[in-house]
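Going by this note's numbering, the sequence shown wraps up at 1352, each residue one higher than the last.
Positions of the beta carbon are idealized from the N, C-alpha and C atoms, including for glycine.
The structure appears right after this line, and notes come after that.
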Amino acid sequence: MKRIIGIILVTILLTACSSKKERSMVVEGNIKGLKKGVLYLQKMKDTVLVSIDSAKVIGDGNFKLTDDVDSPVMYYITFKGNTTDKRILFFGNKGTITVNDNIETFGFNPEIIGSENQLVLNDFAKINNQFKNQSLEFIKKEFEAKAANDKELLAKVQKDYNRMVRRKYLYTTNFALTHPSSEAAPYIALTELYNANIKLLDTINKTLTPKIKASDYGKRLDNFIKRLKETEEK
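Following this line, the structure appears as structure tokens:
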């Protein structure tokens, strides 16, 4: 009788172990120069940034973080859960993602492998960063024009700035339209075109594939557009 009970208990334990669900995303890599610290894996839930996992790093800079991913979304790797300081931002998805970086330039230009959406974002960033630099230049020119009380120059700076913004919106829209099967498309629309003409957002939304429409960012984009339309109707 004791032997039968023992076999049953062993069977239950083995079944429990074998049925334990493994997390669908593994983020691993190395932070060169990091001798000691704690890395946190975080993501947004509604409007709150929450910590999903953490890893102590001792000696060699190697780390491993995990999460269950239902739909690809953006993740943060931070120290002490503080995203206002240095951080690594990347598009997470199911499978293994390798993230390598250097402690001295943490978050500035990390190597991220294993995320197709991240590759799309990287391509977008190549041109979008140029627009960001141009925006900084316009801020400088506007400041100088105001300091000199040059109304004519200020008007020209504003006119040129508006033209740059229109070019940026058109580039962003065209980029998203050429990637309708990537979760990066609705993400880019939400983060870069939130104050653009609703027609641009609507155009992107209508071109998304059914899979992307059903994704986390696809749903967010659709809901965002609906709220904008409801506001315009009032």
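Can you give me the C-alpha to C-alpha distance between residue i and residue j, rounded to a whole angstrom?
i	j	result
N1148	V1156	13 Å
T1133	Y1158	Legend: pLDDT at T1133 = 40, less than 50; position of this residue unreliable, value from coordinates given subsequently. If you take the alpha carbons of T1133 and Y1158, they lie about 31 Å apart.
E1351	T1214	46 Å
G1364	G1179	With the chain running from 1119 to 1352 in the structure shown, residue 1364 is simply not present.
K1250	Y1279	12 Å
P1228	K1150	11 Å
N1094	K1198	Since the first and last residues shown for the chain are 1119 and 1352, residue 1094 lies out of range.
K1337	M1192	15 Å
V1187	V1275	45 Å
Y1312	R1345	12 Å
S1233	V1217	10 Å
T1371	P1298	Only positions 1119 to 1352 of the chain appear in the structure, and residue 1371 is not among them; the question remains open.
I1230	F1209	9 Å
P1304	D1320	11 Å
I1343	K1286	20 Å
L1272	S1253	15 Å
K1138	T1349	Any reading at K1138 must be qualified, since the residue scores a pLDDT of 40, below 50, and its modelled position is unreliable; no value is offered.
Where do the N-terminal and C-terminal ends of the alpha helix (DSSP H) with residue i fall, by residue?
i	result
S1253	E1234 to A1265
K1274	K1269 to L1295
K1331	P1328 to K1331
L1308	A1302 to E1310
Opposite residue i in the DSSP bridges: which residues?
i	result
I1316	Per DSSP, none; premise fails for I1316.
L1183	V1145
S1172	Y1158
T1365	With the chain represented from 1119 up to 1352, any question about residue 1365 goes unanswered, as that position is not in the structure.
V1166	K1163
K1150	N1220
Measure the beta-carbon distance from residue i to residue j and round it to whole angstroms, keeping in mind my assumption that it falls under 8 Å.
i	j	result
T1291	I1257	Going by Cβ atoms, the distance from T1291 to I1257 rounds to 24 Å, so no, they are not a contact pair.
F1181	E1146	7 Å
D1340	K1331	7 Å
L1308	Y1335	6 Å
S1300	N1235	6 Å
L1207	V1175	With 8 Å as the limit, L1207 and V1175 do not qualify as a contact, their Cβ atoms being about 19 Å apart.
D1302	L1239	The question names Asp, but residue 1302 is Ala in the sequence shown. Yes, they are in contact, since the Cβ atoms of A1302 and L1239 sit about 5 Å apart, within 8 Å.
T1184	D1164	Incorrect: roughly 22 Å between the Cβ atoms, too far for contact.
In the DSSP assignment, find the unbroken beta strand (DSSP E) run with residue i in it and report its ends.
i	result
K1154	K1154 to K1163
E1229	E1229 to I1231
D1334	Note, D1334: premise wrong, no beta strand (DSSP E); alpha helix (DSSP H) at D1334 to E1351.
T1216	G1213 to N1220
T1223	Note, T1223: premise wrong, no beta strand (DSSP E); not H, not E.
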